[in-house]
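Structure record follows, encoded as C-alpha cells.
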Amino acid sequence: MGRPHALAIPFPAQGHVIPLMELSHCLADHGFKITFVNTDFIHERVMKALPDDSKNKNQIHLVSIPDGMGPEEDRNQLGKLFECVSRTMPSYLEELIEEVNESGKDKITCIIADEHMGLAVKVAKKLGIPQAAFWPTNACLRALIIRIPELIEAGVIDANGMTRKQEMIQLSSTLPVMDTTKLPWHCFDSPMVQQTIFHSLFTNNQAVKDADWLLCNSFYEIEPSAYPLNPNLLPIGPLLAGSRQRQLVGNFWQEDSTCLNWLNQQPACSVIYVSFGSFTVLEESQFHELALGLELTGHRFLWVVRPDLSAGQAATYPDGFQARVADRGKIVSWAPQQKVLAHPSIACFMTHCGWNSTMEGLSMGVPFLCWPYFADQFLNQSYISDVWKVGLRLNSDDNGIISREEVKNKVEEVLGDEKIRERALTLKEMADKSVSQGGSSTKNLNDFVEAMKGK
Ligand code: UDP
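Each residue of the sequence shown is one higher than the one before, starting from 1 at the first, in UniProt numbering.
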C-alpha cells in the first residue's frame, strides 16, 4: 500500500482556510502527504503573510487554481464569490487531480473538501476518489440546513429562504432558540445575497450528503443533541492551528507577534482581547464609540484593528485616543490569536463570534463578550451566552450603536462574574479532553485516518 495522499480544498475565506490547514497538519502528522488547494488569489495572500524563513519549510504542499473572479474584484462579496467559485473551479480541480495522478508520484487517495465546496465532492465522485466533506462551524447550523425542506413545507420560509412566519424555533431542547427572521442566511446585507447564500448552503449540503465521510470542527460534548439530527457527522474539533508550533497557519495577514511580548509584561487576567475576525467592518462612528468604550473601561486591552476594519479603510481614531491609552492599550493589525487567547494575562475576549474564534476562546477557557456581525455569528452568540453561559451579549442602542457605556458596563459585568469564569474553565477541560488521547474527537479523527489509510 502506498502513502495516503489527501487533497484538501477550503472555501476561499480566512475562517475556512485556517481550520482545514490544521486538519491537514494533523493528517500529515499521521503520515499523509497533503496537497492543499487554494484559489490563486488566496494562495498569494497566504504566501505573502508567511514569515520568510518558513516559506519552503512545511509539510504541506500548497498549490492553487483560479476562482473565476477578476484580479481587482472584491472577494468579500460572498454571493458573487460563491457563484464564481462553483462555476469555475470544478474543471480546474479535475485537471489538477489528473495532472498529479499522471505524474508518477503518489496518487491522490482522498479529497477533503469544505462543505461549502460541494463542487469538489462532485469532482471526487466523478473520478472515483474517496471523499470527506468538512463542515467548519457548529453542527446545529448544519441540522438547520438539512431541515430547509421542512421549513419551506411548514410555511416558515419561502423557497428562497425568506421569512414567511416570524416565530422562535428550536431543533432540540438543548440547542439555541432561533428567530426565523434572523436565520444565518438572513444576516447579510441585501436580499439578493441572502438568497444566493441560502441556495448555496442547501445545494452544497445536498452535494455532500452521501460523501464517504462528514467531519466538523466542533466536539460532541458541547452540542450533543445536534448529532442525532446530522446523520454520520463526526466532530473532530476543536482544531487549533496556531497554539502548536506550526509555522503554516494559513493567515491572510502577517502576524504581529510584538503583542506577545507586550502581554508578557501585563498582570495575570488583566487584558481585554478585542478581535473581530477577517470580515467584520465597523462604521466609523461605531469604531470611535468602541475606542472610547475601551478607554472608559480603564482596563488594559489588546485590539486587533485590521487594515480594513473601519468601514473598509484605514482607521482614524478619536482625537488624542492613542496618546491617552498608550500606557495600557496595544493595537495590532493581525495577532497570533490562539497564542494570545492562551496567554495568562487575557481576562476576556470581545469577539464577533466567528466559529473559529468561538472554539479558540472556549478551548482556552476565556469568558466572552459577544459582538456578532453576520452569517452564523448570531447563532454562535446564542451558544455562548444562552446555552453554555460563558459570556454576555453587547446590546445596541436605539440608533443601532453599541455605546461606550455598554462596552464599559459589560466589561465590568463579565469580569465580575465568577460563575461565567468557572463555566468557561469547565468547557476548556471538556475541549481538552475531547482532543486528548481517548477523547471523543480524537477517536473520530483516528477512525477517519485509519479508514483513509486502508483505501
Ligand atoms: N485570527 C488571527 N488573528 C487575528 C484575528 C483572527 O489569527 O488577529 C484568526 C482566528 O484565530 C480564527 C480566524 O482568524 O482562526 C477567524 O475565523 P473566525 O471563524 O473566528 O471568523 P471569520 O474571520 O471567519 O469571520
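Each residue gets a CB set at the ideal place from its N, CA and C atoms; glycine is no exception.
* For residue 268, count neighbouring C-beta atoms within 10 Å of its own C-beta (all shown protein chains included) and say buried if the count is 16 or more, exposed if not. => In this structure residue 268 is exposed. Its beta-carbon is surrounded by fewer than 16 other beta-carbon atoms within 10 angstroms.
* Asked: Just to check, is the beta-carbon of residue 279 closer than 6 Å to a non-hydrogen atom of ligand 1?
  -> For ligand 1, at least one heavy atom lies less than 6 Å from the Cβ of residue 279.
* Asked: Excluding five sequence neighbours on each side, which residues of the same chain lie with their C-beta closer than 7 Å to the C-beta of residue 176?
  -> Cβ neighbours of residue 176 beyond the five flanking positions: 140, 379, 382, 383, 386 and 387.
* To do: Could you name the residues of the same chain whose beta carbon sits closer than 7 Å to that of residue 441, not counting the 5 residues immediately before and after it, in chain order?
  => Here the set comprises 219, 235, 236, 237, 434 and 435.
* Asked: What number of angstroms, rounded off, separates the C-alpha of residue 352 from the C-alpha of residue 232?
  -> Between residue 352 and residue 232, the C-alpha separation is close to 30 Å.
* To do: Please determine, among 107, 40 and 165, the residue with the shortest C-alpha to C-alpha distance to residue 72.
  => Measuring from the Cα of residue 72, the nearest candidate turns out to be 40.
* Asked: Which of helix, strand or coil does DSSP assign to residue 448?
  -> The three-state reading of DSSP puts residue 448 in helix, counting H, G and I together.
* To do: List the residues that DSSP assigns as beta-bridge partners of residue 329.
  => Answer is 301, bridged to residue 329.
* Spell out a yes or no on whether the region 329-337 and the region 303-312 are touching, meaning 3 or more CB-CB pairs, one atom from each, closer than 8 Å. => Segment contact: the region 329-337 against the region 303-312, three or more CB-CB distances shorter than 8 Å; contact assigned.
* With DSSP collapsed to three states, give me the class of residue 210. => Coil, per DSSP.
* Asked: Is there contact between the region 409-424 and the region 362-377, where contact requires at least three CB pairs shorter than 8 Å?
  -> Between the region 409-424 and the region 362-377 there are three or more C-beta pairs closer than 8 Å, enough to call the two in contact.
* So who's on the other strand from residue 134, going by DSSP bridges? -> For residue 134, which the question treats as bridged, DSSP gives the partners 114 and 215.
* Asked: How big is the Cα-Cα spacing for residue 168 and residue 161?
  -> Answer to the nearest angstrom: the Cα atoms are 16 Å apart.
* Please find out if some non-hydrogen atom of ligand 1 comes closer than 6 Å to the beta-carbon of residue 18. => For residue 18, the Cβ falls inside the 6 Å cut-off from some heavy atom of ligand 1.
* Asked: Which residues bound the beta strand (DSSP E) around residue 236?
  -> Residue 236 -> no beta strand (DSSP E), and no H or E assigned at all.
* To do: Look at the alpha carbon of residue 172 and the alpha carbon of residue 430, and state the distance between them as a whole number of angstroms.
  => Cα-Cα distance, rounded: 21 Å.
* Asked: Where does residue 293 fall in DSSP's three states?
  -> The answer is helix: DSSP assigns residue 293 an H, G or I state.
* Asked: Looking at the structure shown, is residue 182 part of a helix, part of a strand, or coil, going by DSSP?
  -> In this structure, residue 182 counts as coil in the three-state DSSP scheme.
* Say whether the region 30-45 touches the region 145-155, bearing in mind that this needs 3 or more beta-carbon pairs closer than 8 Å, one atom from each stretch. => The region 30-45 vs the region 145-155: no contact.
* To do: Compute the minimum distance between the beta carbon of residue 135 and the heavy atoms of ligand 1, and state whether it is under 6 Å.
  => Exclusion of residue 135 from the 6 Å shell around ligand 1 follows from its C-beta lying no nearer than that to any non-hydrogen atom of the ligand.
* Asked: For residue 389, which of helix, strand or coil comes out of DSSP?
  -> Judged by DSSP in its simplified three-state form, residue 389 adopts coil rather than helix or strand.
* Asked: When the Cβ atoms of the region 211-230 are set against those of the region 191-201, are three or more pairs found closer than 8 Å?
  -> By the C-beta criterion, the region 211-230 is judged not to be in contact with the region 191-201, since fewer than 3 inter-stretch pairs fall below 8 Å.
* To do: Might you give, ordered along the chain, the residues of its own chain that have their beta carbon closer than 7 Å to the beta carbon of residue 87, omitting 5 neighbours on each side?
  => The residues are 68.
* Cβ contact check for the region 111-125 and the region 7-24: 3 or more pairs under 8 Å -> Flag = yes, the region 111-125 and the region 7-24 touch.
* Around the Cβ of residue 410, are there at least 16 other Cβ atoms within 10 angstroms (buried) or fewer (exposed)? -> Counting Cβ neighbours within 10 Å, residue 410 comes out buried, since at least 16 surround it.
* Quick one: what does DSSP say residue 248 is sitting in, helix, strand or coil? -> Residue 248: coil per DSSP, three-state reduction.
* Hey, would you say the C-beta of residue 356 is under 6 Å away from at least one heavy atom of ligand 1? -> Answer for residue 356: yes, Cβ within range of ligand 1.
* Asked: Taking the Cβ atom as the reference point for each residue, do residue 292 and residue 404 lie within a distance shorter than 7 Å?
  -> Going by C-beta atoms, residue 292 is nearer than 7 Å to residue 404.
* Roughly how many angstroms lie between the CA atoms of residue 16 and residue 249, to the nearest whole one? -> Spanning the two alpha carbons is a distance of roughly 11 Å.
* **Rounded distance between the beta-carbons of residue 129 and residue 93, thought under 8 Å** => Incorrect: roughly 11 Å between the Cβ atoms, too far for contact.
* Opening and closing residue of the alpha helix (DSSP H) in which residue 47 lies -> Segment 40-49, the alpha helix (DSSP H) holding residue 47.
* Asked: Where DSSP assigns a beta bridge to residue 477, which residues make up the other side?
  -> Here the chain has residues from 1 to 455 only, and residue 477 is not among them.
* Roughly how many angstroms separate the alpha carbons of residue 52 and residue 338, rounded to a whole number? -> Linking residue 52 to residue 338 through their CA atoms gives a straight-line distance of about 21 Å.
* To do: Could you tell me the boundaries of the alpha helix (DSSP H) in which residue 92 lies?
  => Run containing residue 92: 78-102, per the alpha helix (DSSP H) assignment.
* Assumed close pair residue 394, residue 402 - CB separation to whole angstroms, cut-off 8 Å -> Correct: roughly 5 Å between the Cβ atoms.
* Asked: If you measure from the CB of residue 185, is any heavy atom of ligand 1 nearer than 6 Å?
  -> Every heavy atom of ligand 1 is 6 Å or more from the Cβ of residue 185, so no.
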